[in-house]
Amino acid sequence: MFAFYFLTACTTLKGVFGVSPSYNGLGLTPQMGWDSWNTFACDVSEQLLLDTADRISDLGLKDMGYKYVILDDCWSSGRDSDGFLVADKHKFPNGMGHVADHLHNNSFLFGMYSSAGEYTCAGYPGSLGREEEDAQFFANNRVDYLKYDNCYNKGQFGTPDVSYHRYKAMSDALNKTGRPIFYSLCNWGQDLTFYWGSGIANSWRMSGDITAEFTRPDSRCPCDGDEYDCKYAGFHCSIMNILNKAAPMGQNAGVGGWNDLDNLEVGVGNLTDDEEKAHFSMWAMVKSPLIIGADVNHLKASSYSIYSQASVIAINQDPKGIPATRVWRYYVSDTDEYGQGEIQMWSGPLDNGDQVVALLNGGSVARPMNTTLEEIFFDSNLGSKELTSTWDIYDLWANRVDNSTASAILEQNKAATGILYNATEQSYKDGLSKNDTRLFGQKIGSLSPNAILNTTVPAHGIAFYRLRPSA
């Protein structure tokens, strides 16, 4: 059995304090919403976006924080005689402004897509060299969010400086419009984006595209999980592959600028319930954006109850904004059908003095796992308050909406009002400061100095806890 530890000796200001300013005042917590690509690819339309928004609202997910409705690739039909982008009139007969107005009138925010290349990834007109007119197009259509991809970039990559300036051109153009637009880079982590992204953007992809697989290797995602500086990011990357690549990057993210581990695959494909819980928990813990990739009109009850778990979302939306750190990682002998098997422990500080802890089982069998205060507070000195105090343990997946209730909401036989947390009425920040019990999970015990936190974690599953100072 081999052990791998990641404990940074030299941490950036953002990693220590979690208060590095946003370059444009946006993204003070990771963005939440829905994106069309993972499920619908190019099969997009005005009706799809508006119906999806209505469904998100009806299910109570908008009021949980999922407010960005993001139209991905394949929306354009080209450019007009003045060089401005034109929406496909067959897919969007009333134009993008109509979509934006409908979304805004229903308290959503509108996201669109382009690429820092000659073409988008699906072959539609890109924005390389046309940043100012395209930024103005987005502003004119009241867009609130831009996902900016990396296809057909004419070879303008290879060093951080080259990639930085290619993406900075759109950042400057968006700012010049005067409209606040959340800027989401999608350059797949190429050229060490985590070093320079926060100066020009609110989030940045740090790997190749995700697929709905927990551990399966794929030749189209050629870099393994330890290659954080991947030269060819690819796509069809598994959840564990992306998570392991993200492990050293948390120190470079924080308030205003986030590592983006890609859209959530909860409700997409054939992940097990334990895999979906682990996926959602870890994305929340490392402060990745929480962007739904599923068809919300066909969610199964168990996936819906994951997307609506307020105590887990509260970890992601914690105002301190510090991504968790992977404290240890061991390879194990009980590998799955793909030869993959490992266990990990992650830990991170929260705004109110609490601590979040995850025991992640990437092995193929359920197993006992444990940790101690010395591991949880890995940066604390011997004799410190953290190590000499008793901590109450809260299970963040307790009090999950049961499948019967979730099904009733999905079938519109029961309203989500009064069942789900409403972050429109009370933000996560305010709820945490007021000790709203819905955001803390369920107390299951305490951890005293020199004691061991023991639990059993299912295969491809997680034990996810909030530790609070004991009264």
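When you line the sequence shown up against mature numbering (1 follows the signal peptide of the UniProt record, and there is no 0), it's residues -18 to -1, 1 to 453, in that order.
Even glycine gets a Cβ: it sits at the ideal position worked out from N, Cα and C.
Cβ-based neighbour list, residue i, same chain, cut-off 7 Å, excluding 5 preceding and 5 following
i    : result
L67  : S58, R61, P107, D116, F119
A453 : none
Q383 : As written in the sequence, residue 383 is Val, which differs from the Gln given in the question. Result list for V383: S287, S290, I401, in chain order.
L281 : G249, L392
Through-space distance from residue j to residue i, alpha-carbon basis
i    : j    : result
E209 : A69  : 39 Å
N381 : S293 : 9 Å
I297 : G65  : 44 Å
A194 : F262 : 12 Å
N76  : W373 : 56 Å
A405 : P142 : 38 Å
D17  : S371 : 43 Å
C56  : L364 : 56 Å
S145 : K136 : 12 Å
Y5   : N432 : 43 Å
Y50  : I274 : 10 Å
W19  : T34  : 13 Å
M264 : S63  : 47 Å
R198 : R187 : 20 Å
H84  : A398 : 22 Å
L253 : A121 : 38 Å
F114 : R420 : The question names Phe, yet the displayed sequence has Glu at residue 114. Whole-angstrom Cα-Cα distance: 45 Å.
F139 : M152 : 16 Å
L392 : A23  : 24 Å
G251 : V347 : 22 Å
L378 : C103 : 38 Å
S415 : L110 : 45 Å
I426 : K213 : 45 Å
Own chain residues within Cβ distance below 6 Å of residue i, not counting five before or after
i    : result
H442 : F196, D256, E257
G207 : N223, N226, K227
A445 : L341, T437, V439
D200 : H218
Bridge-paired residues (DSSP) for residue i
i    : result
N241 : W186
Q424 : D377
L451 : What sits at residue 451 in the sequence shown is Pro, not Leu. DSSP output for P451 lists W373 as bridge partner(s).
F446 : A340
L414 : According to DSSP, which records beta bridges pairwise, L414 is partnered with nothing at all.
T438 : P350
P107 : Y101
G15  : Y50, I273
Residue closest to residue i, alpha-carbon to alpha-carbon, out of the options
i    : options                : result
Y95  : I375, Y165, L174, W265 : Y165
A183 : S201, I325, I163, D33  : I163
K71  : S153, L355, S27        : S27
G232 : S220, D54, V81, G179   : G179
Y177 : F217, G239, E113       : G239
Y149 : S97, E356, L421, L91   : S97
D40  : D83, A23, F22, F90     : F90
K129 : L53, Y403, C203        : L53
L8   : E319, K416, R161       : R161
P230 : R308, C24, L332, Q322  : R308
P331 : G15, M351, F74, K269   : K269
Cutoff 8 Å; reference residue i; Cβ partners in own chain excluding five residues on either side
i      : result
L449   : D336, Q337, V338, V339, I358, W373, D374, I375, Y376, L429
A(-16) : No answer about A(-16) holds up, because its pLDDT of 43 lies below 50 and its placement is not dependable.
N279   : D33, T34, R37
G79    : N122, N123, R124
E324   : M222, R311, Y312, Y313, V314, G344, G345
query = What runs of the beta strand (DSSP E), each 3 residues or longer, lie entirely inside the segment 279 to 349?
reply = Uninterrupted beta strand (DSSP E) stretches at least 3 residues long and entirely within the segment 279 to 349 occur at 307 to 313, 324 to 331, 337 to 343, given in chain order.
request  = Kindly provide the ranges of any beta strand (DSSP E) runs that are 3 or more residues long and lie completely inside the segment 78 to 104, ordered along the chain.
outcome  = Whole beta strand (DSSP E) segments, 3+ residues: 91 to 97.
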